[in-house]
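There are 2 protein chains.
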Amino acid sequence: MSITADACAEQYGFFYRENGGVASARGFRACGIHAGFRENPGRLDMALVVADETCPCAGVFTKNKFCAAPVQVCREHLGATDEGTIGDSYGTARAVIINSGIANAATGALGKEAAETVAAMTAEVVGCEEAEVLVASTGVIGVELPLGPFEEGLPDALNELSRDGGSDAARAIMTTDTHPKECAVTFSGDGCGWDGCIFTVGGMSKGAGMIMPNMATMIAVLTTDAPIAPADLHKALVKAVGKSFNKVTVDSDTSTNDTCILFASGAAAQGEGEVEVVQSEGEMQGESTAGAEACQKTFQPDSPAMEMFQQALEQVCVTLARAMASDGEGASRLVTVNVQGAATPEDADLAARAVANSPLVKTAIAGHDANWGRIAAALGKSGAEFRQEDVAIVLMGLPVMLNGLPLEFDEDEASALFEHHEIAIDIDLGAGECATTVWTCDLTHEYVSINGDYRS
Amino acid sequence: MSITADACAEQYGFFYRENGGVASARGFRACGIHAGFRENPGRLDMALVVADETCPCAGVFTKNKFCAAPVQVCREHLGATDEGTIGDSYGTARAVIINSGIANAATGALGKEAAETVAAMTAEVVGCEEAEVLVASTGVIGVELPLGPFEEGLPDALNELSRDGGSDAARAIMTTDTHPKECAVTFSGDGCGWDGCIFTVGGMSKGAGMIMPNMATMIAVLTTDAPIAPADLHKALVKAVGKSFNKVTVDSDTSTNDTCILFASGAAAQGEGEVEVVQSEGEMQGESTAGAEACQKTFQPDSPAMEMFQQALEQVCVTLARAMASDGEGASRLVTVNVQGAATPEDADLAARAVANSPLVKTAIAGHDANWGRIAAALGKSGAEFRQEDVAIVLMGLPVMLNGLPLEFDEDEASALFEHHEIAIDIDLGAGECATTVWTCDLTHEYVSINGDYRS
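Residue numbers (this note's numbering), protein chains in the order written: chain A, 1 to 456; chain B, 1001 to 1456.
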């Protein structure tokens, strides 16, 4: 899924919002401030996102066994009862507080206590229960999380909260990211049982490469004003993450802090506030004027409204995921690996991931080398089922392999194709009907420099 | 297993041979010549290893689905009956012919025909059946294998065959290797039912990184003059490869041409020729004077002689494997990852491999950074079972993590430890009794340059 905004509107009936982000959906406010985790006073390092009321919330978290203290606290606050295990959780929540600079990972029992204290401090300022606050941290690991910046920063953060604060929040969670990542899309409830309602899904994210000096994290906070129950919200999030953030691979590492949270305020179904949309096709505008019959309801599983929401959520997640791959450490190219003709979804994923993770493929792209041989070798060792005589490979629209045999092509023409910022590798395994897409970036000298320098 | 020659002698009773290689075992001759696959006339590019008589032979081959034509021919000549599948094979053989420069991979039916023709040409020159000849190729893929250099080179190669030709053969199979890789060890049959016999295991190898412009191969040819039946030889080879070549990872890629072949002439059991050994402990010297009762026998499974052979074979394979990791593309350091305390052998392997394949760990080593955090993160995502609070990590003898928490250490002292050519990472998962060792190299700017340059 990598379609343009216009194609979105035509195909799915939803629209990108200008300057959309984590506070675009009604019922949410956000901010980003400098609290003091970083030395540079000009650098934002704390983000706060608050829902007007406690609302359904779902989280997908790292499966890394060295999972960080904030991840453990999030899972517990979202009602995870399977202590000791790792993974998802969902329930209700009011706010999420995020700091950058220190990851609060590999910090043991003291780190857990610190994360709990941060949640309690935030709850007091926001005016909710401790268990309604989620926490996330990103940055250096193995270092104690200082509480001072939270103590000083939280009152300021509360004052800064606004519907326009998404952009600052997106900046505050950056680590080695070179630019903030945020977006939002809007869709109409007309004809889906929600006539007059206009719904928004938005979000922000950071990451995907690991950072100096230790390790980074992928963090995404998503919001929607659609009315969705926690369990359904979780189901939608897992599906969307599987098609987006989990299809990004920069250096094949899963960090200790990976966190993706989705809040659903339901505010759009209650007819609150105004909404502005991009006039892409001149079809959608105006206010949400939800009728009385829409209140108190939620999107039902498998309903047209839920389908619409799912598409919108996936579009937001894919947009953020692609931005993360494109901004991988030292990356000069966004690489999209499309695999089709796989026997199973697992085979499609194995094949696409083997190509996307191959340092040999990634260095070849950095060198503008149409090296089909390395792609073939990566497919061959992926574990996916296929016969070499059925394989076809197309690089940037240029067929380079058919029936498992190389095709003649002009090397200069091929090299020139690598001038594009986005490099597409299309693979057909000729073994079935399953397909997938994985995003990565090239492997450059800059990557080695960023990750190979002495710790300062 | 990374013990010194002296320790070998003391612990296992075998000795490294000076200048030992693929023709050190009795019953074998070898050579390396310039046949014309490469333009530089000073560069050897064809190796021939011939047994005096047809003898037991076992092969372990790439599992890559894009396996090259010579690999398919080897499997068939060694009697593989499971056509269409991939993997091992064993039977009898007389010779192996290897060219470097062109890999004869991704060449389809024509490539298979070429590999068969090479085997037939070699058989005619050597004086044996076509099915008794194995073939291996390494170099550029997707390019037709020319037969001219074989036609011209094979008569010369026959003339050059000698007991001293192992070193030239090792040079002839090099691609991006910076030096040839060969060794041999010797052990006595005294007390194992083979009194008076002195046995040798030797070999040569090339590779482990993929090469420019396309992909390389790991090739190893091993020989022994111990008397071992094909099925037992295969069993021993699989076990040794599992502890050596399969524990090397340079860029996590398995090539299309990976080939490891072991011949067993049995010549030492027949009292032929002389043998010189390194006088490491002054214990072994002189000729093999196998008594009549030893003739016509083979090493029996689980016998003391077979145990001795297994240890010697593993020592040769580990020595070659370490040399390959150390000579990985752009490598400045050999990295040894030791994992202990794993719940299962599979967990030990998953954990060690995750660390050895992590670009973040490998760039940190290139940057002399004692970055325990990246090691912990790699362990955490490996899939191995453990609890973070049980993990200990020691870097070059310096404890950096205990009970899952970082330890204080002097950064300058730690950086200085990286001046050594060999970097040891010792990990205890605290989850069981299983252990393993994996070898890799660091990830340097040089690696990106070698693999990222335009194809010429």
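Don't be surprised by glycine CBs; every beta carbon is placed ideally from N, CA and C.
Around the C-beta of Ser-162/A, fewer than 16 other C-beta atoms lie within 10 Å, and the residue is accordingly described as exposed. Taking C-beta atoms as the reference points, Ala-1414/B and Thr-1336/B fail to come closer than 8 Å. No Cβ-Cβ contact shorter than 8 Å links Phe-1187/B with Ala-1321/B. At least one CB of chain A lies nearer than 8 Å to the CB of Ala-1377/B. Under the three-state reduction of DSSP output, Asn-1040/B falls in the coil class, being neither helix nor strand.
One thing to note: Thr-249/A has its Cβ within 8 Å of the Cβ of Val-438/A. The beta carbon of Gly-1328/B sits no closer than 8 Å to any beta carbon of chain A. When only Cα atoms are considered, Val-448/A and Glu-1182/B end up about 32 Å apart. Following the DSSP letters along the chain, one finds Val-1049/B inside the beta strand (DSSP E) bounded by residues 1046-1061. Boundaries of the beta strand (DSSP E) harbouring Ile-1102/B: 1089-1102, taken from the DSSP string. With its beta carbon at least 8 Å from every one in chain A, Phe-1245/B lies outside the interface. Counting C-beta pairs closer than 8 Å gives fewer than three between the segment 393-404 of chain A and the segment 1166-1180 of chain B, which falls short of the contact rule.
Under DSSP, the beta-bridge partners assigned to Ile-261/A are Gly-59/A, Val-221/A. Out of Asn-1064/B, Leu-1154/B, Glu-1018/B, the CA that lies nearest to the CA of Val-1049/B is found in Leu-1154/B. Rounded to whole angstroms, Thr-92/A and Thr-138/A show a C-alpha spacing of 23 Å. Between Met-308/A and Gln-300/A a beta carbon distance of about 12 Å is seen, past the 8 Å cut, so the two are scored as non-contacting. Listed as beta-bridge partners of Glu-182/A by DSSP are Met-204/A.
Residues of the same chain with a CB within less than 6 Å of the CB of Asp-428/A, apart from the 5 flanking positions on each side, are Gln-340, Gly-341, Ala-392 in chain order. The beta carbon of Asp-1177/B sits closer than 6 Å to those of Lys-1206, Asp-1327, all from its chain and outside the five residues before and after it, given in chain order. Between Ile-1098/B and Ala-1123/B, the C-beta gap is not smaller than 8 Å, which leaves the two residues out of contact. By the Cβ rule, the segment 1034-1043 of chain B does not count as touching the segment 1220-1240 of chain B, because fewer than three pairs are nearer than 8 Å.
Across the set Arg-75/A, Asp-390/A, Ala-229/A, Leu-237/A, the C-alpha of Asp-390/A shows the shortest separation from the C-alpha of Gly-430/A.
Proximity of chain A to Ser-1255/B at the Cβ level (cut-off 7 Å) is accounted for by Ala-377, in chain order.
Residues of the segment 1348-1361 of chain B with a C-beta less than 8 Å from any C-beta of chain A: Asn-1357, Ser-1358, Pro-1359, Leu-1360, listed in chain order. According to DSSP, Arg-29/A shares a beta bridge with Val-50/A. Rounded to the nearest angstrom, the gap between the Cα atoms of Glu-1419/B and Asn-1451/B is 25 Å. In the pairwise beta carbon analysis, the segment 13-24 of chain A is classified as not touching the segment 115-122 of chain A: fewer than three pairs are separated by under 8 Å. Taking the C-beta atoms as reference points, Met-218/A is found nearer than 8 Å to Met-324/A.
Within its own chain, the residues whose Cβ lies closer than 7 Å to the Cβ of Ser-332/A, once the five positions on either side in sequence are excluded, are Ala-366, Asp-442, Thr-444, listed in chain order. Ser-1089/B and Ala-58/A have their C-alpha atoms some 52 Å from each other. Residues of the segment 1396-1422 of chain B that bring their beta carbon within less than 9 Å of a beta carbon in chain A comprise Met-1401, Asn-1403, Gly-1404, Leu-1405, Pro-1406, Glu-1411, Ser-1415, in sequence order. Not a single CB atom of chain B sits nearer than 8 Å to the CB of Phe-37/A. For the pair Glu-1408/B and Ala-1343/B, the CB atoms are not nearer than the 8 Å cut-off.
With fewer than 16 other Cβ atoms from the protein chains shown falling within 10 Å of its own Cβ, Asp-52/A counts as exposed. Against Thr-363/A, the close residues of chain B are Val-1448, Asn-1451, Gly-1452, in the order they occur along the chain (beta-carbon pairs closer than 7 Å). Exclusion of the five residues before and after Thr-436/A leaves Val-339, Ala-348, Asp-349, Ala-352 as the residues of its chain whose Cβ lies within less than 6 Å of its Cβ.
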